[in-house]
DNA sequence: CCTGAATTGTCGGCTAGACGACCTATTGAA
DNA sequence: TTCAATAGGTCGTCTAGCCGACAATTCAGG
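Chains as they are written, first to last, in UniProt numbering: chain A, 1 to 222; chain B, 1 to 222.
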């Protein structure tokens with residue numbers, strides 16, 4: 001990938017928009033771009049070169065394998081999201097990322113480099129901290145949901161959140177391109193495949209939604 | 001409280017130890033110290049003066065009231081912990097802090113002031129970000145526990161963590177000063193009062209621990 | 001166009017653990 | 001010292017939703 005494209009992708013991120021063009025050019029040099037097609041895996045390196053990743057284009061899911069060898073989907077990320085060792089602390093986990101949209105582009109920095117970058121740019125550093133604070137709150141929210149809400153409620157909230165992020169609204173319905181299996185959704189809302197299937201059918205009968213393998217249509221209730 | 005004492009308390013925090021003494025003196029001026037006795041409540045202000053709090057001495061619990069008026073204990077904090085609006089984003093929640101040790105001292109900054117402080121001190125800023133990253137991981141861990149472990153396991157992990165933080169180890173046992181009710185513990189591990197009581201008695205019968213209202217004694221298994 | 005693999009649909013059994021009820025023990029304020 | 005409030009103890013009931021099993025459908029690669 002040529003420098004101009006890198007430059008453009010970097011500046012495109014809200015976090016980096018505060019940087020001057022010369023600063024941007026210099027971080028172009030320490031950034032590492034990677035692209036992946038649907039289904040391809042992006043591994044996080046676990047050696048001394050732990051990295052912080054920025055998703056520049058497309059959608060991907062963060063996945064972990066449990067004891068029994070099952071795929072647990074931990075999160076679904078969109079353009080602009082940050083993943084990898086974004087807590088800036090080494091850790092051993094078996095997470096990896098899988099591209100779920102046709103073409104995924106992400107860029108990464110070595111954790112050490114990224115830390116130096118933050119130290120040199122107080123404004124960037126503060127934005128990054130706030131971004132992490134935001135992520136913290138989101139997780140807090142997920143935790144509270146799991147604590148107090150039943151599966152049905154979590155399922156509905158999940159769909160609503162998804163719709164608000166990626167839904168294409170029509171006059172009386174919201175259309176979602178569905179790239180998740182029931183199993184995926186189950187692990188995201190902390191339930192089981194069967195229960196998710198049942199919930200889909202239940203809401204379908206109630207006329208709240210319609211779905212196929214490729215699409216979910218949420219009816220706007222009058 | 002006089003400036004010297006403030007100064008001393010501030011410098012005592014790992015995060016602030018990187019600052020020069022003149023910097024420390026200047027943040028003395030914008031810091032607000034508060035102390036509380038056992039059972040007293042420290043309210044977070046929810047106006048434009050949202051604050052970031054540092055616990056300097058003692059132990060406190062972060063509490064929220066649910067729909068039915070029940071106290072939910074969300075966290076228990078020790079000296080050195082940070083609370084309040086540490087995500088640096090305004091939010092409306094009904095959290096407050098209750099002192100559970102005899103004498104609690106904490107200091108706070110207006111969020112805006114604290115942000116300026118971070119912008120002026122890149123090193124402090126980076127440490128703060130890493131601290132938040134650490135908190136994020138801890139929460140991630142709690143979430144995973146809730147997802148995959150049963151109540152018994154969560155209860156045991158809870159005790160172990162507590163012991164590692166505050167336990168006083170004897171030759172063959174670890175003694176914990178108990179300032180939490182079964183109800184408190186229940187909400188921390190996401191269960192119910194009755195179940196916690198049962199678990200305590202179960203582990204007692206197994207000879208794994210002993211407990212009273214004021215003390216929990218974990219037997220080291222040979 | 002076939003075929004095995006992946007995904008979805010459905011059912012019944014089962015259990016962890018929530019919940020209500022009620023009783024006892026402890027505490028602390030007056 | 002008393003008494004109300006709070007905390008702990010115990011027991012049955014009940015159910016959300018997990019889990020295994022298996023069939024039906026869909027898909028993707030040859």
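Built from N, CA and C at the ideal position, the CB exists for glycine as well.
{"Query": "Residue from 20(B), 18(B) and 24(B) with nearest C-alpha to residue 6(B)", "Result": "24(B)"}
{"Query": "Every unbroken beta strand (DSSP E) within the UniProt domain \"HTH crp-type\" (149-222) of chain A, with a cutoff of 3 residues, ordered by chain", "Result": "173-177, 209-211 and 215-219"}
{"Query": "Beta-carbon proximity of residue 51(A) to residue 111(A), cut-off 9 Å", "Result": "yes"}
{"Query": "Contact with chain B by residue 123(A), beta-carbon distance below 9 Å", "Result": "yes"}
{"Query": "Residue 132(B) at chain A interface by Cβ criterion, 9 Å", "Result": "yes"}
{"Query": "Chain B contact residues for residue 16(A), given Cβ-Cβ distances below 7 Å", "Result": "What residue 16(A) touches in chain B: nothing, since even the nearest Cβ is about 16 Å away."}
{"Query": "Contact under 9 Å by Cβ, residue 179(A) with residue 101(A)", "Result": "yes"}
{"Query": "Assigned secondary structure, residue 104(B) (DSSP; H/G/I helix, E/B strand, else coil)", "Result": "strand"}
{"Query": "Alpha carbon of residue 153(B) to alpha carbon of residue 123(B), nearest angstrom", "Result": "39 Å"}
{"Query": "From 147(B), 162(B), 207(B) and 210(B), residue whose alpha carbon lies closest to that of residue 66(A)", "Result": "147(B)"}
{"Query": "Closest Cα partner of residue 41(A) within the set 205(A), 134(A), 31(A) and 59(A)", "Result": "59(A)"}
{"Query": "Contained alpha helix (DSSP H) runs [length at least 4] in the UniProt domain \"Cyclic nucleotide-binding\" (15-118) of chain A, N- to C-terminal order", "Result": "21-30"}
{"Query": "CB of residue 56(B) within 9 Å of CB of residue 33(B), strictly", "Result": "yes"}
{"Query": "CB contact flag (residue 188(B), residue 216(B), <9 Å)", "Result": "no"}
{"Query": "Exposure label - residue 85(B); buried when at least 16 CB within 10 Å", "Result": "buried"}
{"Query": "Between the CA atoms of residue 94(A) and residue 38(A) - distance to the nearest angstrom", "Result": "20 Å"}
{"Query": "Where the alpha helix (DSSP H) containing residue 4(B) begins and where it ends", "Result": "3-11"}
{"Query": "The stretch 195-205 of chain A / the stretch 150-168 of chain A touching (three or more Cβ pairs under 8 Å)", "Result": "yes"}
{"Query": "Any C-beta of chain A under 9 Å from that of residue 215(B)", "Result": "no"}
{"Query": "Three-state secondary structure (DSSP) of residue 121(A)", "Result": "coil"}
{"Query": "For residue 134(A), the nearest candidate out of 21(A), 81(A) and 91(A) (CA to CA)", "Result": "81(A)"}
{"Query": "For residue 73(B) and residue 192(B), the rounded distance between their alpha carbons", "Result": "12 Å"}
{"Query": "Residue from 136(A), 98(A), 88(A) and 137(A) whose Cα sits closest to the Cα of residue 117(A)", "Result": "88(A)"}
{"Query": "Residues of the UniProt domain \"Cyclic nucleotide-binding\" (15-118) of chain B with Cβ closer than 8 Å to any Cβ of chain A, in chain order", "Result": "66, 86, 87, 88, 89, 91, 115 and 118"}
{"Query": "Test: residue 5(A) CB closer than 9 Å to a CB of chain B", "Result": "no"}
{"Query": "Below-9 Å beta-carbon distance, residue 147(A) vs any chain B residue", "Result": "yes"}
{"Query": "Best match in 36(B), 13(B) and 196(B) for proximity to residue 103(B) [C-alpha to C-alpha]", "Result": "36(B)"}
{"Query": "Cutoff 7 Å; reference residue 17(A); Cβ partners in own chain excluding five residues on either side", "Result": "11"}
{"Query": "For residue 165(A), the nearest candidate out of 139(A), 79(A), 9(A) and 44(A) (CA to CA)", "Result": "79(A)"}
{"Query": "Residue-chain proximity (residue 136(A), chain B), Cβ-Cβ < 9 Å", "Result": "yes"}
{"Query": "9 Å Cβ cutoff, residue 179(A) in contact with chain B", "Result": "no"}
{"Query": "Distance between residue 2(A) and residue 92(B) (C-alpha atoms, nearest Å)", "Result": "46 Å"}
{"Query": "Beta-carbon proximity list for residue 90(B), same chain, < 6 Å, skipping 5 on both sides", "Result": "50"}
{"Query": "Minimum Cβ-Cβ distance from residue 156(A) to chain B less than 9 Å", "Result": "no"}
{"Query": "Chain A contact for residue 153(B) (CB, 9 Å cutoff)", "Result": "no"}
{"Query": "Short CB-CB distance (under 9 Å) between residue 129(B) and chain A", "Result": "yes"}
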